[in-house]
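A.B. asks:
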Amino acid sequence: FDNDLGNYNFAIIGAPGSGKSVLMNELAWSYRAIGAKVWMLDLGRSFEKLCRKAKGTYIEFRPDVDICLNPFTIVHDINEDIDMLVPGISKMCSMQHSLDEVQRKAISAMILKLWREHGRDLTITGLRDAFKTGTIEELGVRGDPRIRDLAIMLNPYAKGGQYERFFEGRANVDFSNDFIVIENEELKRRPDLHAVVNILLLHQITGEMYLTRNRRKVLFIDELKQQLGDIGADDPIKAAVVEEAARRARKYGGALGTATQSADDYYGSAQMEAAFACSDWVFLLRQKPESIEMLDRKARLSMDEPKKRLLNSLRTEAGAFSEVYISSPVGEGVARNILDPATHLLFSNKLEDNAPIDALRAQGLSIDEAITELLRQRGHAL
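Note that the numbering used here numbers the sequence shown so that position 373 is 372, with each residue one more than the last.
#1: Could you spell out the range, first to last residue, of the beta strand (DSSP E) harbouring E59?
#2: In the DSSP assignment, find the unbroken beta strand (DSSP E) run with Y156 in it and report its ends.
#3: So, with DSSP's three-state summary, where would you put M91?
#4: What would DSSP say about S301, mapped onto helix, strand or coil?
#5: Pop quiz: V195 and G87 are said to be a contact at Cβ under 8 Å. What is the actual Cβ separation, rounded to whole angstroms?
#6: So, with DSSP's three-state summary, where would you put K224?
#7: Pop quiz: L42 and A27 are said to be a contact at Cβ under 8 Å. What is the actual Cβ separation, rounded to whole angstroms?
#8: Nearest-angstrom Cα distance between I230 and G378?
#9: Contact check, I110 vs I81 under 8 Å by CB: the rounded distance?
#10: Would a C-beta distance cut-off of 8 Å place Q260 and A10 closer than the cut-off?
#11: For V329, list the residues DSSP reports as bridge partners.
#12: Nearest-angstrom Cα distance between D143 and D65?
#13: Taking C-alpha atoms, which residue in A108, A150 and P355 lies nearest to G139?
#14: Within this structure, are the beta carbons of S170 and T56 separated by less than 8 Å?
#15: As a quick exercise: from M208, L374 and H193, pick the residue whose alpha carbon is nearest that of S175.
#16: Pick out the complete beta strand (DSSP E) segments inside the segment 188–221, 3 residues or longer, and give them in chain order.
#17: Can the beta-carbon of I220 be found closer than 8 Å to that of A258?
#18: So is G159 buried or exposed if we call it buried at 16+ other beta carbons inside 10 Å?
#19: Would you grab the beta carbon distance between L283 and V329 for me? Rounded to a whole angstrom, and I think it's under 8 Å.
#20: Mark H96 as exposed unless 16 or more other C-beta atoms lie within 10 angstroms of its C-beta, in which case mark it buried.
#21: On the criterion of 16 or more Cβ atoms from any shown chain inside 10 Å, does D173 qualify as buried, or is it exposed?
#22: At which residues does the alpha helix (DSSP H) containing L186 begin and terminate?
#23: On the three-state DSSP scale, how would you describe I179?
#24: Thinking C-alpha only, which one of S89, V74 and L149 is nearest G118?
#25: Given a cut-off of 8 Å on the beta-carbon distance, is the pair N69 and G206 in contact?
#26: Is any non-hydrogen atom of the ligand NAP found closer than 7 Å to the C-beta of R299, if you look at the structure I gave you?
#27: Of all the options R360, Q362, T315 and E368, which has the alpha carbon lying nearest to the alpha carbon of A341?
#28: Tell me which same chain residues have a C-beta within less than 6 Å of the C-beta of C67, skipping the five on either side of it?
#29: On the CB-based measure, 16 or more other CB atoms within 10 Å of its CB, does L199 come out buried or exposed?
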């Protein structure tokens, strides 16, 4: 937020075991400490302990949890939100292939028409049913099979479809807390639903940013490549969503932070490259040499041989520190992220740390109590 020369968005790149999740926890905790509102899209429970300690809202897509993400419930300005609604509905209609232009324009026209009639009571079911006739009277279109096809495509997300419970009714995800973690691990086995859910969550979160223009807010997306889904490498819909989320975050005084394991990931598809291009800040942890070469070839960072040697020298000492190169319009340099033992356990996503903490919590201890007890068991002076 000190960048007066551009935007507040950032990208974090770190090989497995380099301290990427720890750095994201540190950034989130630091910004929460100065009063910022924080959202985190997680994949792998890297931020659960921090969320519990912060008394945040932890959202999971378990079968026993009632979650509705009807995107129309949370519309604030239909003329602004349509830019996120159309990609989300389009992705519901076709996961692997782009819709033709007539179908995309039909989705936009039908949403606006039904919004004028139903407002926030509109549902995916209402949209599906409106497409069944293939008719949009206002446009003089009648019985068009391309529009009728949209009804079939939307059916899994409408009443009677396999994903009905996530979209039928009014949206009920509570975003009133100042620290919100959304865990998507349960969606990994359903990539079609996973991609749609994340597009709609980006819509809802950036819409919430609009309501809090007078404060700092940060959205973190861990493992962006997996979060957006790997179906369809170059996906213009997802690229448009990422660019729109970054634009809205900047417009409303917020920051969008994305993280991935390699620079190669950011250049593997249009949507990933869009996320990287929108980020003025880059945090590089320990990398494979190939990842550094990729950044050089793409001219994403100003690179010479001494800087390459510097980036290749970054290291991580497990349990002690991780080194990170920071690049921004206002300066660059190398720093070390050094944590005390208690904070390290709070941020750690290693099995050997999480398993005993989970066991202690199952006995009724709080996060802080479990960490203190584990440190005592490991011989740390308290």
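Glycine included, each C-beta is placed from N, C-alpha and C at the ideal position.
C.D. replies: Straight from the coordinates:
#1: T56 to E59
#2: No beta strand (DSSP E) holds Y156; DSSP gives it neither H nor E.
#3: helix
#4: coil
#5: 7 Å
#6: helix
#7: Contact flag wrong, Cβ pair sits at about 15 Å.
#8: Since pLDDT at I230 reaches only 48, below the 50 mark, its modelled position is unreliable, and the value read off the structure follows with that caveat. Near 48 Å, if we compare the C-alpha coordinates of G378 and I230.
#9: 7 Å
#10: no
#11: Answer is none; V329 lacks a bridge partner.
#12: 37 Å
#13: A108
#14: According to the sequence displayed, residue 170 carries Ala and not Ser. Going by C-beta atoms, A170 is not nearer than 8 Å to T56.
#15: M208
#16: 216–220
#17: yes
#18: exposed
#19: Going by Cβ atoms, the distance from L283 to V329 rounds to 17 Å, so no, they are not a contact pair.
#20: exposed
#21: exposed
#22: From DSSP, L186 is part of no alpha helix (DSSP H); its letter is neither H nor E.
#23: strand
#24: V74
#25: no
#26: You won't find the ligand NAP in this model; it holds no ligand whatsoever.
#27: E368
#28: G168, A170 and N171
#29: buried
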